[in-house]
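Accompanying notes for the structure given below.
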Amino acid sequence: MKPRRILVTAALPYANGPIHIGHLVEYIQTDIWVRFQKLRGHRCIYICADDTHGTAIMIRARQEGRGEEELITEMQRQHERDFAAFDIQFDNYGSTHSPENRRLCGEIWQSLRAARLIVEDDVTQLYDPQAQTFLADRFVRGTCPRCRSAGQYGDNCQKCGATYRPSDLIDPVSTLSGATPEVRTARHLFVQLNQLHDFLVEWTQSGRHLQEEVANYLKGHFLHEPLRDWDISRPAPYFGFEIPDSPGNYWYVWFDAPIGYLASTQQWCDLHGERLDDWWRSPDTEIHHFIGKDITYFHTLFWPGMLKSSGFNLPTKVHIHGFLTVGGEKMSKSQGTFVMASTYLQHLDPAWLRYYYAAKLGPRLDDLDLNLDEFAAKVNADLVGKVVNLASRTAKFVETSGLSPVYPDDGGLFQQAAAAGELIAEAYENCDYSRAMRLIMELADRANPYVEAAAPWNLKKDPAEADRLRDVCTVALNLFRQLAIYLAPVLPRLAEQTGRLLNDPITAWRQSQIPLTGTPVARFEHLMKRVDPKDVLAMIEDSKPAEAAGQTPQFQDSDQPLRDEPIAETCSIDDFVKVDLRVARVVAAEAVPDARKLLKLTLSLGGDQRRTVFAGIKQAYEPDQLIGRLVVMVANLAPRTMKFGVSEGMVVASGPGGSDVFLLGVDAGAVPGQRVH
RNA sequence: GGGCCCGUAGCUCAGCGGUGAGAGCAGGGGACUCAUAAUCCCUUGGUCGGGGGUUCGAAUCCCUCCGGGCCUACCA
Numbered sequence: 012m013k014p015r016r017i018l019v020t021a022a023l024p025y026a027n028g029p030i031h032i033g034h035l036v037e038y039i040q041t042d043i044w045v046r047f048q049k050l051r052g053h054r055c056i057y058i059c060a061d062d063t064h065g066t067a068i069m070i071r072a073r074q075e076g077r078g079e080e081e082l083i084t085e086m087q088r089q090h091e092r093d094f095a096a097f098d099i100q101f102d103n104y105g106s107t108h109s110p111e112n113r114r115l116c117g118e119i120w121q122s123l124r125a126a127r128l129i130v131e132d133d134v135t136q137l138y139d140p141q142a143q144t145f146l147a148d149r150f151v152r153g154t155c156p157r158c159r160s161a162g163q164y165g166d167n168c169q170k171c172g173a174t175y176r177p178s179d180l181i182d183p184v185s186t187l188s189g190a191t192p193e194v195r196t197a198r199h200l201f202v203q204l205n206q207l208h209d210f211l212v213e214w215t216q217s218g219r220h221l222q223e224e225v226a227n228y229l230k231g232h233f234l235h236e237p238l239r240d241w242d243i244s245r246p247a248p249y250f251g252f253e254i255p256d257s258p259g260n261y262w263y264v265w266f267d268a269p270i271g272y273l274a275s276t277q278q279w280c281d282l283h284g285e286r287l288d289d290w291w292r293s294p295d296t297e298i299h300h301f302i303g304k305d306i307t308y309f310h311t312l313f314w315p316g317m318l319k320s321s322g323f324n325l326p327t328k329v330h331i332h333g334f335l336t337v338g339g340e341k342m343s344k345s346q347g348t349f350v351m352a353s354t355y356l357q358h359l360d361p362a363w364l365r366y367y368y369a370a371k372l373g374p375r376l377d378d379l380d381l382n383l384d385e386f387a388a389k390v391n392a393d394l395v396g397k398v399v400n401l402a403s404r405t406a407k408f409v410e411t412s413g414l415s416p417v418y419p420d421d422g423g424l425f426q427q428a429a430a431a432g433e434l435i436a437e438a439y440e441n442c443d444y445s446r447a448m449r450l451i452m453e454l455a456d457r458a459n460p461y462v463e464a465a466a467p468w469n470l471k472k473d474p475a476e477a478d479r480l481r482d483v484c485t486v487a488l489n490l491f492r493q494l495a496i497y498l499a500p501v502l503p504r505l506a507e508q509t510g511r512l513l514n515d516p517i518t519a520w521r522q523s524q525i526p527l528t529g530t531p532v533a534r535f536e537h538l539m540k541r542v543d544p545k546d547v548l549a550m551i552e553d554s555k556p557a558e559a560a561g562q563t564p565q566f567q568d569s570d571q572p573l574r575d576e577p578i579a580e581t582c583s584i585d586d587f588v589k590v591d592l593r594v595a596r597v598v599a600a601e602a603v604p605d606a607r608k609l610l611k612l613t614l615s616l617g618g619d620q621r622r623t624v625f626a627g628i629k630q631a632y633e634p635d636q637l638i639g640r641l642v643v644m645v646a647n648l649a650p651r652t653m654k655f656g657v658s659e660g661m662v663v664a665s666g667p668g669g670s671d672v673f674l675l676g677v678d679a680g681a682v683p684g685q686r687v688h
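Read in our numbering, the first sequence has 399 at position 388, and its numbers run on one by one without any break.
Shown next as structure tokens:
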């Protein structure tokens with residue numbers, strides 16, 4: 012087979028936070044693929060970098076009272092340390108804040124200019140006069156202009172789903188400084204991506220560059236209509252690169268981030284005497300991006316557009332994976348499932364996570380669930396019980412004799428496992444690691460009965476059986492070594508240890524096809540510890556916020572809600588009494604069939620006073636559990652006609668929305684109709 | 001409302017038109033004692049979500065319904 016030339020990237024982690032186990036899904040997935048390709052004898056390089064620019068970094072550096080460069084340098088050190096500890100081996104790990112990146116951004120920019128893709132337009136945005144910066148949507152909070160719920164982000168309302176511009180918000184507040192933002196207009200630069208519409212349809216819908224469901228998604232959601240212009244500049248101050256021909260404007264972080272792939276490759280080329288064009292402008296190179304589904308849009312539309320316009324290779328394939336859940340739920344800080352890589356390392360072996368992820372990862376975008384019980388069971392049963400056990404039960408019998416000079420008859424076991432190699436390789440190639448792991452474990456399941464039947468511990472007792480003993484162990488250790496080779500992309504350390512044990516380093520997939528004979532066998536050392544569920548629990552405890560883990564109950568409530576939604580401007584008592592809050596009893600409640608969030612409530616204010624209210628609490632409450640209970644409603648709110656009928660008020664509740672909505676109740680004794688003062 | 005995916009043994013999943021539906025784990029019984037309470041043998045367990053259709057033949061293809069997930073839209 013002709014060696015392929017393959018360049019692989021994983022998404023660039025943002026320099027605003029440490030690596031956690033959710034990130035690791037991607038870097039491990041990618042690392043396995045790269046190691047597999049290398050083992051198969053292909054030229055393959057794994058390129059990554061820190062993503063360092065943008066408002067968030069600038070703000071954080073300011074808050075911490077230091078320069079951005081200091082911040083990103085430290086974060087990068089942490090990232091690289093964590094990756095290395097998980098055996099994620101990059102060929103080059105760069106930074107988007109590098110001279111190489113600045114140069115390449117300029118080059119691509121010129122290409123976009125030359126292709127007449129860049130236009131200018133005024134953008135009206137909110138500006139924080141105190142922080143002296145324009146505010147991205149998520150840095151503004153205010154009252155939704157449609158449903159009047161407070162504390163909504165600048166682009167859409169969590170409560171009613173309305174979309175609007177940040178300047179439409181009522182009483183907007185900057186989350187950076189708490190100041191009231193001003194409306195300001197600035198000149199922005201845009202890429203007219205729609206000029207590449209035909210190309211993008213062609214590229215996304217053909218050639219298997221994308222998983223099928225991704226291609227369908229793009230077709231249905233973006234490509235069926237003209238693509239909007241992409242705003243790729245930000246006015247100063249902004250931490251990033253200033254646009255050379257547009258002083259005072261900076262490239263938006265999502266412009267320079269993917270170019271970081273090129274820049275990091277450039278660094279690698281400079282270190283290894285290679286040419287960038289051999290990797291990014293050559294029909295002989297494959298480019299594979301691994302990303303999470305959240306950034307699909309950037310990598311499948313903008314990025315190919317940028318590459319196309321500037322004459323670089325297009326991605327051969329963009330491999331997209333889902334998110335990590337833990338125990339079937341989103342990672343949660345309070346539950347201790349938001350586990351940092353560094354916390355994991357304090358308690359558990361990185362090999363375990365690599366194997367578990369591999370056993371769960373398929374070629375699709377499905378979310379991957381880390382179930383902690385399954386994690387321990389699987390690692391212990393598969394790796395320790397089956398695989399490593401093969402070596403630990405036989406190696407010491409041949410410490411003095413070494414492996415037999417001729418590979419003995421094993422009833423075809425080695426040949427069968429060798430033959431399975433191509434299937435396993437195909438599964439790796441297709442990112443179907445769960446299938447690969449299954450196939451490998453099937454082999455392991457056949458190897459242990461062989462040892463059982465041959466009973467080397469009995470042979471050992473009879474000196475006349477010395478040759479037979481050595482043969483049996485030679486078979487067992489060869490079957491073990493085959494597994495170690497097949498698992499090498501996932502478990503590089505096990506492969507190394509196996510190489511040392513049998514005095515023949517594992518460097519190539521094809522070593523799985525020929526039995527190893529005649530080598531000395533080193534003194535056996537433990538290859539892998541079992542998972543102790545206690546350690547898993549300790550890791551979870553360690554991941555809980557300090558206040559949650561404390562023994563004495565302290566009321567250390569998080570400051571997050573206030574940060575999300577700062578306290579509104581002072582109002583007078585007169586303002587307050589304008590709002591007539593009343594206790595009301597829910598006398599009927601039903602789901603609105605066509606609405607995802609709405610329940611239709613009939614509220615009684617006592618007597619025969621009834622109000623119909625549509626409340627966005629469907630995801631949080633069952634209609635049945637509401638009937639009869641007392642709630643607090645805004646009784647003098649102007650009626651509003653909705654698609655499903657007229658809403659004659661609103662019930663008050665706290666929480667960010669969705670299933671996290673908490674209705675206000677009243678203590679016992681209150682009756683419907685009473686005003687809340 | 002639209003798109004995609006998934007519903008197969010208690011759990012995780014394989015099988016995706018053709019011998020009586022499988023594996024691992026868990027459960028039950030036995031064996032062994034070399035090995036990290038590992039291993040080996042036997043075994044319990046399933047209307048393959050429901051219903052219709054195509055076919056000589058369907059878990060496997062088509063339709064429909066139910067349930068779950070992810071994404072997206074609308075409505076407030």
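Positions of the beta carbon are idealized from the N, C-alpha and C atoms, including for glycine.
Looking at C-alpha atoms only, which residue of the options is the closest neighbour of residue i?
i	options	result
ASP443	ASP473, PHE47, GLY618, VAL642	PHE47
ILE83	THR296, HIS330, PRO258, ALA26	ALA26
GLY656	VAL598, HIS64, LEU610	LEU610
PRO29	PHE349, LEU123, VAL682, GLN136	PHE349
ILE39	GLN206, PRO683, ILE302	ILE302
ARG622	VAL532, ALA600, TRP262	ALA600
ALA402	LEU538, LYS389, GLU340	LEU538
ALA606	VAL598, ALA595, GLY618, GLN630	GLN630
HIS34	GLU236, GLY251, PHE334	PHE334
VAL399	GLN524, GLY65, ALA455	ALA455
ILE32	ASP61, ALA96, ARG15	ALA96
Which residues in the same chain as residue i place their Cβ atom closer than 7 angstroms to its Cβ, once the five residues preceding and following it in sequence are excluded?
i	result
VAL624	LEU612, LEU614, MET644, SER658, GLU659, GLY660, MET661, VAL662
ALA519	LEU50, GLY52
ARG198	GLU131, ASP133
PRO500	ILE43, ARG46, PHE47, LEU50, TYR439
ALA465	VAL483
Using C-beta distances below 8 angstroms, list every residue in its chain close to residue i, excluding the 5 sequence neighbours before and after it, in chain order.
i	result
LEU424	ARG457, ALA458, TYR461, VAL486, LEU490
SER138	Correcting the residue type first, residue 138 is Tyr in the shown sequence and not Ser. Closer than 8 angstroms at the Cβ level, and outside the excluded window around TYR138, lie THR144, PHE145, LEU146, PRO192, GLU193, VAL194, ARG195.
LEU123	ILE129, VAL202, MET317, SER320, SER321
TRP265	ILE243, PHE309, PHE313
Here's the rule: buried if 16 or more other CB atoms are within 10 angstroms of the residue's CB, otherwise exposed. What is residue i?
i	result
ASP182	exposed
ALA475	exposed
VAL337	buried
SER321	buried
ASN647	exposed
MET12	exposed
GLU440	exposed
THR563	Annotation note: pLDDT 41 at THR563 (below 50); position unreliable, no value reported.
Note the first and the last residue of the continuous beta strand (DSSP E) segment covering residue i.
i	result
TRP520	First-last for TRP520: undefined, no H or E at that position.
CYS59	54 to 61
ARG286	Taken as a continuous stretch (DSSP letters only), ARG286 belongs to no beta strand (DSSP E), as it is neither H nor E.
Residues in the same chain with beta-carbon distance under 6 angstroms from residue i, minus the five sequence neighbours each way, listed in chain order, please.
i	result
ARG651	SER658
PHE566	Model confidence at PHE566 stands at a pLDDT of 47, short of 50, so the residue's coordinates are unreliable; what they give is reported in the following sentence. If we look at PHE566 and ignore the five residues flanking it on each side, it has no Cβ neighbours.
VAL603	LEU609, LYS611, PHE655
VAL682	none
PRO544	ALA387
State the start and end residues of the unbroken alpha helix (DSSP H) segment that holds residue i.
i	result
GLN136	From DSSP, GLN136 is part of no alpha helix (DSSP H) but of the beta strand (DSSP E) over 129 to 139.
MET693	Residue 693 is absent from the model: the chain starts at 12 and stops at 688.
SER554	544 to 554
MET342	That residue, MET342, is in no alpha helix (DSSP H); it is neither H nor E in DSSP.
LYS389	383 to 389
LYS589	584 to 589
LYS230	223 to 232
Given 8 angstroms, three or more beta-carbon pairs between the segment 67 to 80 and the segment 118 to 131: no
Three or more C-beta pairs below 8 angstroms linking the segment 377 to 388 and the segment 434 to 451: no
Contact the segment 284 to 304 vs the segment 189 to 202: 3+ CB pairs below 8 angstroms: Inter-segment contact for the segment 284 to 304 and the segment 189 to 202 is absent: fewer than three beta-carbon pairs are separated by less than 8 angstroms.
contact_flag[the segment 307 to 314, the segment 508 to 516] where n(CB pairs < 8 angstroms) is 3 or more: no
Meets three-Cβ-pair contact criterion under 8 angstroms: the segment 364 to 379 and the segment 215 to 228: yes
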